[in-house]
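Colleague:
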Amino acid sequence: MPVTATIANGSDKHMHVVNPSRTYIDEAWAATRQSPTAYTVGRHHKIDLYGSGLGPQNGVRAYGGAAVGGLIRAWETTPTHPKYTGKIQHAIALAVDRAQLYCSGGSSGYDSKGYGTAKGYVWSATEQDWNSEWNYKGNVPMGAYFAIPPSVDINAQGLTADGKMVAQALQDYGAYVTDATVGAVTFYVEPTAPSAFAANLRKDAAKLRSLLRRVTNNSAATPNGPGARRVPMLPDLATPQP
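So the mapping is simple: the numbering used here equals the position in the sequence shown, first residue as 1, plus 13.
1. With a floor of 3 residues, list each beta strand (DSSP E) that falls wholly inside the stretch 141–213, ordered by position along the chain.
2. As a quick exercise: from P236, E203, A233 and R226, pick the residue whose alpha carbon is nearest that of A90.
3. Report buried or exposed for M257, applying the criterion of at least 16 other Cβ atoms within 10 angstroms of its Cβ.
4. Need the endpoints of the beta strand (DSSP E) that Q47 sits in, please.
5. Report yes or no: do three or more beta-carbon pairs, one from the stretch 225–239 and one from the stretch 135–143, lie closer than 8 Å?
6. I'd like to know if A188 contacts chain C, where contact means its C-beta is closer than 8 Å to some C-beta of that chain.
7. Out of Y63, V190, K220 and F200, which has the shortest C-alpha to C-alpha gap to V31?
8. Please classify D217: does DSSP put it in a helix, a strand, or coil?
9. What's the C-alpha gap between R111 and W147?
10. Going by beta carbon distance, what residues of the same chain come within less than 7 Å of V54, once the five residues before and after it are set aside?
11. In whole angstroms, what is the alpha-carbon distance linking I105 and D25?
12. Thinking just about the alpha-carbon of each residue, which of A219, T191 and L224 is nearest to the one in V73?
13. Just reading off the beta strand (DSSP E) that K59 is part of, what are its end residues?
14. With which residues is G66 paired in a DSSP beta bridge?
15. Whole angstroms are fine: how far does the CA of K100 sit from the CA of N144?
16. Starting from the C-beta of L221, find all residues in its chain whose C-beta is less than 7 Å away, skip the five residues before and the five after it, and write them out in chain order.
17. Can the beta-carbon of N71 be found less than 8 Å from the beta-carbon of Y115?
18. So, using beta-carbon positions, are Y189 and L107 closer together than 8 Å?
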């Protein structure tokens with residue numbers, strides 16, 4: 014483990030490290046540094062960066078998949094970066110207040126396969142939070158898919174330029190509920206993104222949330238729902254060179 018590996022702020026203490034050849038990522042939850050190159054973690058998964066990132070047991074976020082899935086990356090928000098296009102061309106990871114999330118029964122914790130029996134989640138989730146049977150009080154399943162309806166005029170919402178970029182992604186690609194918060198709706202952004210982008214997203218978060226609507230015909234067979242897509246899907250990643 015590299016000496017420079019950083020543990021994220023916050024109670025979940027996430028740490029994610031991509032290998033030098035950029036073919037997989039080690040994801041850790043509840044990470045604690047024991048020495049410059051040694052750590053203890055509450056949960057760990059090694060994830061193929063060329064795979065789907067979905068579970069079961071394929072990541073440390075509450076939904077059971079990769080924490081990097083749906084992450085707004087720093088280069089996507091940095092106009093001076095050579096890859097910057099002014100667009101976010103993928104679905105976005107979303108976390109909602111745990112009081113809004115839904116549990117239909119079962120219990121959390123870990124069974125013989127490594128995770129609990131609590132239910133209520135929908136695809137693309139394969140599990141949900143510890144203590145969800147106590148903390149989930151609402152009607153939104155873990156893994157639920159949301160989008161801004163095509164009838165909404167994004168330019169008429171009073172958003173910042175950065176907020177419009179996120180809104181366009183939410184209209185074209187949508188957002189998946191991947192985790193729970195306490196009293197907030199959260200979009201996940203790489204920590205090295207410009208501080209101005211983060212500030213604008215915080216400013217626009219309430220408006221963006223108010224525009225989202227759940228898409229209920231999303232499934233593994235019809236990701237993002239059936240019918241014609243608003244925008245073409247991006248091509249698959251090229252096979253990594255040996």
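For each residue, glycine too, the CB sits at the ideal point set by N, CA and C. Please read these numbers as outputs of a predicted model, since none were measured by experiment.
Modeller: This is what the structure gives:
1. 158–160 and 188–194
2. According to the sequence provided, residue 90 is Thr. The question's Ala does not apply to it. T90 has its Cα closest to that of E203, out of P236, E203, A233 and R226.
3. Look at the range of the chain in this structure, 14 to 255, and you will see that residue 257 is not part of it.
4. T45 to S48
5. yes
6. As a matter of chain content, chain C is missing from the structure shown, which is built from one protein chain.
7. Y63
8. helix
9. 10 Å
10. A41, W42, A43 and A44
11. 20 Å
12. T191
13. R56 to D61
14. Bridge partners of G66: none, in fact.
15. 37 Å
16. G176, V179, A180 and L183
17. no
18. yes
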